[in-house]
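Heads up: take any position in the sequence shown, counting from 1, add 344, and you land on the numbering used here.
Heads up, the beta-carbon is just placed ideally off N, CA and C, and yes, glycines get one too.
None of the values given here were measured: they were computed from a predicted structure.
Step one of this worksheet: look at the structure below.
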Amino acid sequence: MTDKNLTPAEAEDAFWKSLKSSNTGMLGLDRPGYHSQPMTAFREAETGTLWFFTRDDTDLARDAATPGQTAMFSYGSKDQKVWACIHGALSVHGHDREIIDRYWNPVLSAWYPDGKDDPRLTLLRFDADDGRVWVSDGGLMKFAFEIAKANLTGKEPDAGDVVDVNLR
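So, in structure tokens, the structure goes:
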């Protein structure tokens with residue numbers, strides 16, 4: 345990957361656009377030995393806050409209830425053109441009906457037998473601070489070409505751009 349063309353604003357925009365169409369990644373507390381888990385993110389456009397639905401009896405919800413927790417959200421788009429590792433603050437937000445109503449959908453409904461009123465349903469709030477975004481816009485054919493070219497020339501393939509972003 346190179347870092348010669350993409351600006352931080354472009355990388356951030358690529359991440360948010362990609363997350364809108366494919367919003368599942370891996371979320372976990374940012375500490376040694378903690379394992380991330382697949383979670384679906386719902387972005388609040390006005391603030392950039394990411395919301396996650398979970399049960400209040402999960403390890404992640406219990407651990408995030410301790411004030412001052414930081415977390416990492418790792419993301420790879422379905423088309424494998426955008427990858428990101430985002431750090432930020434994670435907290436338990438509780439059962440906020442306005443947010444639940446805003447993002448509720450049939451997939452979420454399958455996880456909560458009592459629907460929006462499920463007593464175990466709780467929200468996690470992730471406020472992104474910074475991260476690193478990788479963007480490859482060439483697709484599979486360009487990637488294959490770059491790999492073949494690198495093997496023939498001995499030069500590193502150009503697989504896209506990597507940019508550090510500030511999301512505050």
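Check whether residue i and residue j have beta carbons under 8 Å apart
| i | j | result |
| --- | --- | --- |
| Asp445 | Lys460 | yes |
| Ala385 | Phe396 | yes |
| Leu373 | Ala415 | yes |
| Ala405 | Phe359 | no |
| Lys425 | Ser480 | yes |
| Phe417 | Leu452 | no |
Helix, strand or coil at residue i according to DSSP, with G and I counted as helix
| i | result |
| --- | --- |
| Ser435 | strand |
| Gly459 | helix |
| Thr497 | helix |
| Leu350 | coil |
| Leu468 | strand |
| Asp508 | strand |
| Asp473 | strand |
Residue i versus residue j - alpha carbon distance
| i | j | result |
| --- | --- | --- |
| Arg441 | Pro382 | 23 Å |
| Asn495 | Phe489 | 10 Å |
| Pro352 | Asp508 | 6 Å |
| Asp403 | Pro376 | 15 Å |
| Lys493 | Asn349 | 20 Å |
| Thr391 | Arg512 | 9 Å |
| Asp462 | Asp474 | 33 Å |
| Asn510 | Trp478 | 14 Å |
| Ile491 | Asp502 | 8 Å |
| Ala454 | Trp448 | 11 Å |
| Leu363 | Gly498 | 35 Å |
| Tyr419 | Tyr456 | 24 Å |
is_contact[residue i, chain B] using C-beta, thresh 8 Å
| i | result |
| --- | --- |
| Asp440 | The structure shown contains no chain B; it holds only a single protein chain. |
**Prompt:** Does the segment 428–437 come within contact of the segment 455–475, defined as at least 3 CB pairs closer than 8 Å?
**Reply:** yes
**Request:** For the segment 380–453, list the alpha helix (DSSP H) runs that are entirely contained and at least 4 residues long, ordered along the chain.
**Result:** 403–408 and 441–447
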